[in-house]
Structures are given as structure tokens and as C-alpha cells.
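Its first residue numbered 0, the sequence shown is counted upward by one per residue in numbering that gives the first Met the number 0.
We put the beta carbon where it would ideally sit given N, CA and C, even for glycine.
If you're wondering where the values come from, they're calculated on a predicted model, not measured in any experiment.
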Amino acid sequence: MSDLDLAQEARRLDAADALRAKREEFALDDHDTTVYLDGNSLGALPRAVPARLADVVEREWGRLRIRSWTESGWWTAPERVGDRIGRLVGAAPGQVVAGDSTSVNVFKAVVAAARLAADGDGGRDEILVDAATFPTDGYIAASAARLTGCRIRAVDAGDVASAAGPRTAVALVNHVDYRTGRLHDLPGTTAAVHAAGGRVVWDLCHSAGALPVALDADGVDLAVGCTYKYLNGGPGSPAYLYVRRELQPRFDSPLPGWNSHADPFGMSPQYAPADGAVRGRVGTPDILSLLALEAALDVWDGVAVEAVRAKSLALTDFFLRCVAAYVPGGRLECVTPTAHDERGSQVSLRCADADEVMAELVRRGVVGDFRRPDVLRFGFTPLYTGFADAERAARVLAEVLGP
Ligand SMILES: Cc1ncc(COP(=O)(O)O)c(C=O)c1O
């Protein structure tokens, strides 16, 4: 197909896109200036956030000051925002708390899961970690293992199900691989780890807001994720922790800060954990970031994650078609699976001099990112990425790579 045909097809697909009006809710450059394909790293700014943040700063903090902890709902914001995230990851209210970073939540979840295993039938001293994990998860899991008397076994995420056995205390797995964009089998892996008697912690950083996640329905024990990618919470916005309702009474946090106390203002020297998702809190929440995230989540009102997923797959399919049509064979290797049930919402392409190629793409207004040693990553965020964006990105990529 010629460039003209694909450009026309992109216009037709954009015109038929039920989500296309959503783009107006974000602060983005004109399509012709910048194609933003890095929402899998830092989501774009929802337009409603600056005014809400100004109100939080000027009125809630500036005028109400300390009263805002109750009158503006600051104290309960971690659970309130957690429930809104929960809706996007298939968690009924009362199981998700927003706060801290993903790294810190991985720590809480893995240590708590290992402690649950120690309470059980004993002899479980193995923490399975996805061998290609985002590094922070691996570092934290290694420390969690040292603290709980476990050892780490690294296995491919796709092999966790078969690797889990009588020694497995917990498996820590990424739902979507950050480098390749491969989507792992959450229901099947969870069921297999459970059948082996272990617990599973999922890292949802690259799936929440990009594709349906059914934490409750799939029986997940614990999950964590960030909110600055597909949830558009802003740089460093708080992460979240899901603790399945049945496990909450036995969730023994390794970071039992005063915010997770049953009576935080009792100021008791003895720790007594609160019930419910609150048990996952630690210290004073980062209110400005948390309320910016809360405002950012408004863009999800009335949006079905299933519709986002359908558009995400259509966008990545279309981008791959455009790349195949425009880029001469042999220049790129696609490391993202083509099968829909194995693909997240990004396309990763391997090529020579990938760092220089990405730098040139950014100069020409196509913003993806580069992961060492040789991967170009293009993230597709269906709330604001269009088919014309995908077509232009592929065309500029072909121009940069040359004939
Ligand atoms: C899969 C995954 N886990 C964890 C993190 C980062 O964790 P944190 O929010 O603590 O920086 C990232 C960041 O990109 C990630 O992709």
C-alpha cells in the first residue's frame, strides 16, 4: 500500500474512532508538531489538572490549612483514589490504596506475601522473579528475600506457572514486559502459582489503563503499579497497592507506619493495624501529587477499558502495518509479539544505532524512547493517540532510517 493509501486509511480510522474526543481533554501539541508515543513512560497532562492543583494549593492549603486534612478529604484520599484506580484494574472498593512508589509497594507486597507463606505449611523459601523484570522489582525482591530468609529464583515470566512448586512462597511477575511489550498470562499464572500453594504479586505498571485487568475475578493476591504512565498522574505521582480482601486481616506490612494504625491519632506506642486497604499505608501521603492524580483520573469517567484495549490493538496493528509498508526489510526487528493476547500497548523495535535513531525521531517530532542496548519503544495511549499519529510515526521512522 502506498503512503497515500495508508494516510487516507488513518484519517478514516480516526473519523470512526469513538474515543477521539478524549484527546481534547489532554494538553498536547498539534498532531503535525509532535506525535507523542511515550505515554507508557510519562502520560500526557489532563487539562483539568492545573486548575484543580491551583485550588488545592491556594484554597485547601493556603486558606483552610490544617482543616483540609478533614474538610477537604485529604486524610482519606489514599483510599478514595485507590478505589478509583481499583475500578480500572477489576478491584471492588476497599482493596486498593494509593501512595508511595511502585518500588516501595513491591517491598510491602513481597515481604507480606513471604510472611503469609511462612504462616502456612512452612518450607516455602523461594521467591520466583520474572527474569526480565524491570530492575527495581528485582532489587527489592532480593532485599525482601534476605529479610525473610528466602532465596530468589529468576525464571522467564512465561515459565513461572510451571516453575512454581512446593518451595514457592511468592512469585513476582510483570503483567506487561517494559522492554518488549509482551503481555503475560495473568489468570493462568495466578492459578498455577495458587495450585502450587504460593502467592503471586503482579506489577501492573504497563497494563493498568492500557488493557483490562481483573484482579478480583482472577484471584490475584497482591498487585502494585504506578500511575504516571497510562493513568496520566504526572511525574512521580503515587503508586498503588492492591491487597485482596480475604488476605487483608493477615497482611503484615513490613512498613507499619502510623498511617496504617487502627487509631493513628491515639499515638499509642503499640502498633495495631487498621482493617482494610488502609493497612497498606505508611506515612503522610504526598497530597499535592495524590490530588493531581485524582483530578487526572477524571478522564476515565464514562470510558470502558475494553474500548481502550480494542483501540490499543487497532493502533499497534496499524503502526506495524505502516512500518512494514514504509521501512525496507531487514532494518528493524519487532520484539513485540504480534498475537493480540500476548501484546500490551507498546511496540518495541530493535535496530542498529537505536539511540541515535530515537534522538533523530524526537528532533523530527516523533517522541518515543530508547532502551539499551538497541530497542526503540513506541507507546500507544488510546485516550489521545490517533491513527494518523501512528502513520506519521512510521513514515518519519522510515525517513530517519533512510532507503
Ligand atoms: C514495570 C515497572 N515497575 C516499576 C517501575 C518503577 O517503579 P517506581 O515507581 O518505584 O519508580 C517501572 C517504571 O517505569 C516499571 O516500568
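CB contact flag (VAL281, LEU254, <7 Å): Position 282 of the sequence shown, counted from the start, is the residue given in the question as residue 281. Position 255 of the sequence shown, counted from the start, is the residue given in the question as residue 254. Less than 7 Å separates the beta-carbon of VAL281 from that of LEU254.
Close beta carbons around LEU182, own chain, < 6 Å, minus the five adjacent residues each side: On the sequence shown, position 183 is the one that residue 182 refers to. The residues are VAL175, GLU341, ARG342, GLY343.
For VAL304, the first and last residue of its enclosing alpha helix (DSSP H): As a working note, residue 304 is residue 305 in the sequence shown. From DSSP, the alpha helix (DSSP H) with VAL304 extends over 304-325.
VAL223 and LEU240 closer than 7 Å at C-beta: The count along the sequence shown starts at 1 and reaches residue 223 at position 224. The count along the sequence shown starts at 1 and reaches residue 240 at position 241. Cβ distance < 7 Å, so VAL223 and LEU240 count as in contact.
Any non-hydrogen atom of ligand 1 within 6 Å of THR335 CB: Looking up residue 335 in the sequence shown gives position 336. Within 6 Å of the C-beta of THR335 there is not a single heavy atom belonging to ligand 1.
Closer than 6 Å: PHE430 CB and nearest ligand 1 heavy atom: Absent from the model: residue 430. The displayed extent of the chain is 0 to 402, so no value can be given.
Beta-carbon proximity of PHE317 to ALA389, cut-off 7 Å: If you number the sequence shown from 1, residue 317 lands on position 318. If you number the sequence shown from 1, residue 389 lands on position 390. A contact, by the Cβ cut-off of 7 Å.
GLY401 classed as buried or exposed, judged by whether at least 16 other C-beta atoms fall within 10 angstroms: Along the sequence shown, read from residue 1 onward, the residue named residue 401 stands at position 402. Counting Cβ neighbours within 10 Å, GLY401 comes out exposed, since fewer than 16 surround it.
Burial state of ALA143, where buried means 16 or more other Cβ atoms lie within 10 Å: The residue you call residue 143 lines up with position 144 of the sequence shown. The residue in question, ALA143, is buried, as its Cβ has 16 or more Cβ neighbours within 10 Å.
Entirely enclosed beta strand (DSSP E) segments - the segment 86-143, minimum 3 residues: Counting whole runs of 3 or more residues, the segment 86-143 contains the beta strand (DSSP E) stretches 95-97, 125-129.
Any non-hydrogen atom of ligand 3 within 6 Å of THR101 CB: In the structure shown, ligand 3 is absent; the only ligands present are ligand 1.
Residue span of the beta strand (DSSP E) that contains THR167, given as start and end: Along the sequence shown, one-based indexing puts residue 167 at 168. 167-173 is the span of the beta strand (DSSP E), which, as asked, contains THR167.
Cut-off 7 Å between Cβ atoms - residues of its own chain near ALA17, not counting five sequence neighbours on either side: Residue numbering aside, residue 17 sits at position 18 when the sequence shown is read from its first letter. The residues are ALA306.
Residue burial classification, PHE386 (beta-carbon count within 10 angstroms, cutoff 16): Within the sequence shown, residue 386 is the residue found at index 387, counting from 1. Its Cβ being crowded by 16 or more others within 10 Å, PHE386 is buried.
Validate contact between the segment 345-363 and the segment 274-292 using beta carbons, cut 8 Å, 3 pairs: no
Pairwise C-alpha distance: ALA20 and GLY364: Within the sequence shown, numbered from 1, the residue matching residue 364 stands at position 365. Within the sequence shown, numbered from 1, the residue matching residue 20 stands at position 21. One C-alpha to the other measures close to 22 Å.
Where SER206 falls, given that 16 or more other Cβ within 10 Å makes a residue buried: As a working mapping, residue 206 is identified with position 207 in the sequence shown. So SER206 ends up on the buried side.
Simplified DSSP state of GLY403, which is helix, strand or coil: Outside the modelled stretch of the chain, which goes from 0 to 402, sits residue 403, for which no answer is possible.
Of the listed residues GLY180, SER161, ASP155, nearest to VAL172 (C-alpha basis): Here residue 172 is taken as the residue at index 173 of the sequence shown, counted from 1. Among GLY180, SER161, ASP155, the Cα nearest to that of VAL172 belongs to ASP155.
Status (buried if at least 16 other CB within 10 Å, exposed otherwise) for GLY367: Translated into positions along the sequence shown, residue 367 becomes position 368. GLY367 should be labelled buried.
First through last residue of the beta strand (DSSP E) which encompasses GLY224: As a working mapping, residue 224 is identified with position 225 in the sequence shown. Taken as a continuous stretch (DSSP letters only), the beta strand (DSSP E) holding GLY224 covers 221-224.
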